[in-house]
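Student: One structure follows; several queries about it will come next.
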Amino acid sequence: AYADELVSYSNYGLPDERFFTNNVLPDDAAVLALWSDSYNLVYAANAVIEGVSNSLSLPETDKNRLLGEALFVRSYIYSYLTGLYGSIPYATTTDYTVNTALSKKTTSEINQLLITDLQQAVTLLPSEYVSANRVRPNKETAMALLARIALNEGLYDLAIEASGNIIAQTSLYSLASNLDNVFLIDSPGTLWQLAPAAEGLNTLEGENFIFDTTPPHTRALANELYNAFEQGDLRKELWIDTVSDGETSYYYANKYKLMLPTSTSQEYSIQFRLEELYLIRAEAFARTGGLAQALANLDTIRSRAGLQGSTAQSQEAVLEAILQEYRVEFFTEHGHRFFDLKRYNAATSALEPVKPGWNTTDVLLPLPQNELNVNGNLLPQNSGY
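Okay, structure coming up:
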């Protein structure tokens, strides 16, 4: 709802409505919860890193994997924190006396630290999955986050190398030929996914996005997104469904098909999938002048969706075509649209026309006021709040 993919039907005052209208304030409970929950996960990762590093009994193979997993998870959380809040504190210890007095680091400083951590994680983690259904990250998962952050930082050669290494792992990953299978538990393109809390449950995405009454109780896809698909795009047919009251049609994301529990879980929440690596490589090639390579990667995704190859020719046109492909491939997936618009410096030009409450400073959330009250080193507040 914060970008241009969803329309909120929540009552005023609920988080959906505040984010949809870009009326989020420093004392917003959702802003504080997102910050606090994320740093709790960072703390847990730091505890694992400290415990594993100090262990005298763990076998070396287990130590390497656990350390690599913790470095990856910490980096994953930080990548979202800095993407949402901008300059943030970077905690690497469980010592609360240190953590409660940390100053902020810029997004670029954070990303450089994450690249270092992820490069270490890549060396520590094996490619083999040690758990069913790819719920624990492996070498390629860490490499995927490395590619994503490298792209954000303008390190295009690194982004090309990391994404290419994953795409080359054809014995591990492939694009599901049937779009209906992309989000199943055993999809061949999944690098890493999160299991539900209990067997028989499915995804929060299915629970939150699917509806069968009109008007929707919480949210629906924006008409602008529905109309953004090219004619013949199978993703519009297979990943979007419609509920109508006879006069008005409402659309919802139907990537995950299950809203209710089943006898056994059939869908997990996918965090990284192979399609992103093709588009990362396409964008990195395009930004370095490799337009033919960019189009080849872009058209791999377009072809699977039933579309012809892109007709874009100039660098600007190819980059716009890639941004459009991100939009129709990754809608309602973990903030992709918002972060893609920010990377393209296109957030205001895209969102201001469709979101009357949008201000240029809304590219960042406010720092939680409670945190500023506790730690003055986090001042100043983000601009616009």
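Numbering (our numbering), first residue to last: 25 to 409.
Virtual Cβ for every residue (Gly too), placed ideally from N, Cα, C.
(1) Output needed for Phe355: all residues of its chain with C-beta closer than 7 Å, excluding positions within five of it in sequence on either side, in chain order.
(2) Looking only at its own chain, which residues have a Cβ that is under 8 Å from the Cβ of Ile139, when we skip the five neighbours before and after it?
(3) Once you ignore the five residues that flank Ala145 on each side, which residues in its own chain have a CB closer than 6 Å to its CB?
(4) Looking only at C-alpha atoms, which of Ser34, Ile112, Thr85 sits nearest to Asn399?
(5) In the DSSP assignment, find the alpha helix (DSSP H) that holds Thr165 and state where it starts and stops.
(6) Quick one: measure Cβ to Cβ for Glu353 and Glu395, integer angstroms, because I've assumed they're closer than 8 Å.
(7) On a Cα-Cα basis, can you pick out the residue from Arg328, Leu331, Thr242, Arg311 that is closest to Glu344?
(8) With which residues is Asp265 paired in a DSSP beta bridge?
(9) In the structure shown, what three-state DSSP assignment does Arg160 receive?
(10) Relative to the alpha-carbon of Gly75, which residue among Ser132, Leu90, Gly270, Phe296 has its alpha-carbon at the smallest distance?
(11) Would you list, in sequence order, the uninterrupted alpha helix (DSSP H) runs of no fewer than 4 residues that lie entirely inside the segment 202 to 255?
(12) Residues in the same chain with beta-carbon distance under 7 Å from Gln393, minus the five sequence neighbours each way, listed in chain order, please.
(13) Mapping the DSSP letters down to three states, classify Leu414 as helix, strand or coil.
(14) Helix, strand or coil for Leu30, going by three-state DSSP, please let me know.
(15) Sort out for me which residues DSSP pairs Ile412 with in a bridge.
(16) Identify every run of the alpha helix (DSSP H) within the segment 307 to 351, keeping only runs that are complete inside it and at least 4 residues long; order them along the chain.
(17) Cβ of Gln290 within 7 Å of Cβ of Ile209?
(18) Indicate whether Leu322 and Ala308 have their beta-carbon atoms separated by less than 7 Å.
(19) Using the DSSP secondary-structure output, state which residues sit across from Pro113 in a beta bridge.
(20) Contact between the segment 102 to 111 and the segment 121 to 131 is defined here as three or more beta-carbon pairs at a separation below 8 Å; is this criterion met?
(21) Thinking just about the alpha-carbon of each residue, which of Leu284, Val66, Leu301, Asp257 is nearest to the one in Arg410?
(22) Report yes if the C-beta distance between Asp40 and Ala25 is below 7 Å; otherwise report no.
(23) Mind checking whether Tyr292 and Ala221 have CB atoms under 7 Å apart?
(24) Tell me the rounded alpha-carbon separation between Tyr350 and Pro377.
(25) Check whether the Cβ atoms of Leu389 and Val66 sit closer than 7 Å, and answer yes or no.
(26) Compute the Euclidean distance between the alpha carbons of Thr385 and Ala316, then round it to the nearest angstrom.
(27) Have a look at Gly224, Phe233, Arg259, Ala27 and flag the residue whose alpha-carbon is nearest the alpha-carbon of Ala200.
(28) Are the CB atoms of Ile294 and Gln193 within a distance shorter than 7 Å?
(29) Less than 7 Å separating the beta-carbons of Thr118 and Ala71?
(30) Give me, in chain order, the residues of the same chain whose beta-carbon lies closer than 7 Å to that of Glu223; leave out the 5 immediate sequence neighbours on both sides.
(31) Quick check: Ser211 and Asn202, are their CB atoms within less than 7 Å of each other?
(32) Tell me whether Pro392 sits in a helix, a strand or coil according to DSSP, three-state version.
Tutor: Reading from the atomic positions:
(1) For this step, residue 355 is matched to residue 331 along the sequence shown. Cβ neighbours of Phe355 beyond the five flanking positions: Glu29, Leu249, Ala277, Arg361.
(2) Looking up residue 139 in the sequence shown gives position 115. So the list reads Leu170, Ile173, Ala174, Glu177, Leu179, Leu182, once near-sequence residues are dropped.
(3) To locate residue 145, count along the sequence shown from 1; it is residue 121. Sequence-distant partners of Ala145 (beyond 5 residues in either direction) whose C-beta falls short of 6 Å from its own C-beta, in its chain, are Gly92, Leu95, Phe96, Ala166.
(4) What you label residue 399 is simply residue 375 of the sequence shown in a count that begins at 1. For the residues Ser34, Ile112, Thr85, the minimum Cα distance to Asn399 belongs to Ile112.
(5) Translated into the one-based positions of the sequence shown, residue 165 becomes position 141. Counting along the chain, the alpha helix (DSSP H) containing Thr165 begins and ends at 163 to 176.
(6) Residue numbering aside, residue 353 sits at position 329 when the sequence shown is read from its first letter. Residue numbering aside, residue 395 sits at position 371 when the sequence shown is read from its first letter. So it is not a contact: roughly 35 Å between Cβ atoms.
(7) Counted from its first residue, the sequence shown places residue 344 at position 320. The candidate whose alpha carbon is nearest that of Glu344 is Arg311.
(8) To locate residue 265, count along the sequence shown from 1; it is residue 241. BP columns for Asp265 point to Tyr276.
(9) If you number the sequence shown from 1, residue 160 lands on position 136. Three-state DSSP puts Arg160 in coil, outside helix and strand.
(10) The residue labelled residue 75 in the question sits at position 51 within the sequence shown. Nearest C-alpha to Gly75: Leu90.
(11) Along the segment 202 to 255, the alpha helix (DSSP H) occurs as fully enclosed runs of 4 or more residues at 228 to 233, 247 to 250, listed in sequence order.
(12) Here residue 393 refers to the residue found at position 369 of the sequence shown. The answer, listed in chain order, is Pro50, Asp51.
(13) The structure shown does not extend to residue 414, since the chain spans only 25 to 409, so no value can be given for it.
(14) For the purposes of this step, residue 30 is identified with residue 6 of the sequence shown, where counting begins at 1. Leu30 falls in the strand class under three-state DSSP.
(15) The question about residue 412 has no answer here: the residues shown for the chain are numbered 25 through 409.
(16) 315 to 328
(17) On the sequence shown, residue 290 is found 266 positions in, with the first residue counted as 1. On the sequence shown, residue 209 is found 185 positions in, with the first residue counted as 1. Cβ distance < 7 Å, so Gln290 and Ile209 count as in contact.
(18) If you number the sequence shown from 1, residue 322 lands on position 298. If you number the sequence shown from 1, residue 308 lands on position 284. In this structure, the beta-carbon distance from Leu322 to Ala308 does not fall below 7 Å.
(19) Working through the sequence shown from its first residue, we reach residue 113 at position 89. Looking at the DSSP assignment, Pro113 forms a beta bridge with Lys128.
(20) yes
(21) Because the chain is modelled from 25 through 409, residue 410 falls outside the range shown and cannot be assessed.
(22) Residue 40 sits at position 16 when you count from the first residue of the sequence shown. Residue 25 sits at position 1 when you count from the first residue of the sequence shown. Going by C-beta atoms, Asp40 is nearer than 7 Å to Ala25.
(23) Here residue 292 is taken as the residue at index 268 of the sequence shown, counted from 1. Here residue 221 is taken as the residue at index 197 of the sequence shown, counted from 1. No, Cβ-Cβ distance for Tyr292 and Ala221 is not below 7 Å.
(24) Along the sequence shown, read from residue 1 onward, the residue named residue 350 stands at position 326. Along the sequence shown, read from residue 1 onward, the residue named residue 377 stands at position 353. In a straight line, the C-alpha of Tyr350 is about 20 Å away from that of Pro377.
(25) On the sequence shown, residue 389 is found 365 positions in, with the first residue counted as 1. On the sequence shown, residue 66 is found 42 positions in, with the first residue counted as 1. Not a contact, by the Cβ cut-off of 7 Å.
(26) Counting from 1 along the sequence shown, the entry for residue 385 is found at position 361. Counting from 1 along the sequence shown, the entry for residue 316 is found at position 292. In a straight line, the C-alpha of Thr385 is about 36 Å away from that of Ala316.
(27) As a working mapping, residue 200 is identified with position 176 in the sequence shown. Comparing Cα positions, the closest option is Arg259.
(28) Translated into positions along the sequence shown, residue 193 becomes position 169. Translated into positions along the sequence shown, residue 294 becomes position 270. Cβ distance not < 7 Å, so Gln193 and Ile294 don't count as in contact.
(29) Translated into the one-based positions of the sequence shown, residue 118 becomes position 94. Translated into the one-based positions of the sequence shown, residue 71 becomes position 47. Closer than 7 Å, so yes.
(30) Within the sequence shown, the letter at position 199 stands for residue 223. Taken in chain order, the residues that qualify are Thr288, Ser289.
(31) Here the question's residue 211 lines up with position 187 in the sequence shown. Here the question's residue 202 lines up with position 178 in the sequence shown. No, Cβ-Cβ distance for Ser211 and Asn202 is not below 7 Å.
(32) For the purposes of this step, residue 392 is taken as the residue at position 368 of the sequence shown. Per DSSP, reduced to three states, the secondary structure at Pro392 is coil, with no helix or strand assignment.
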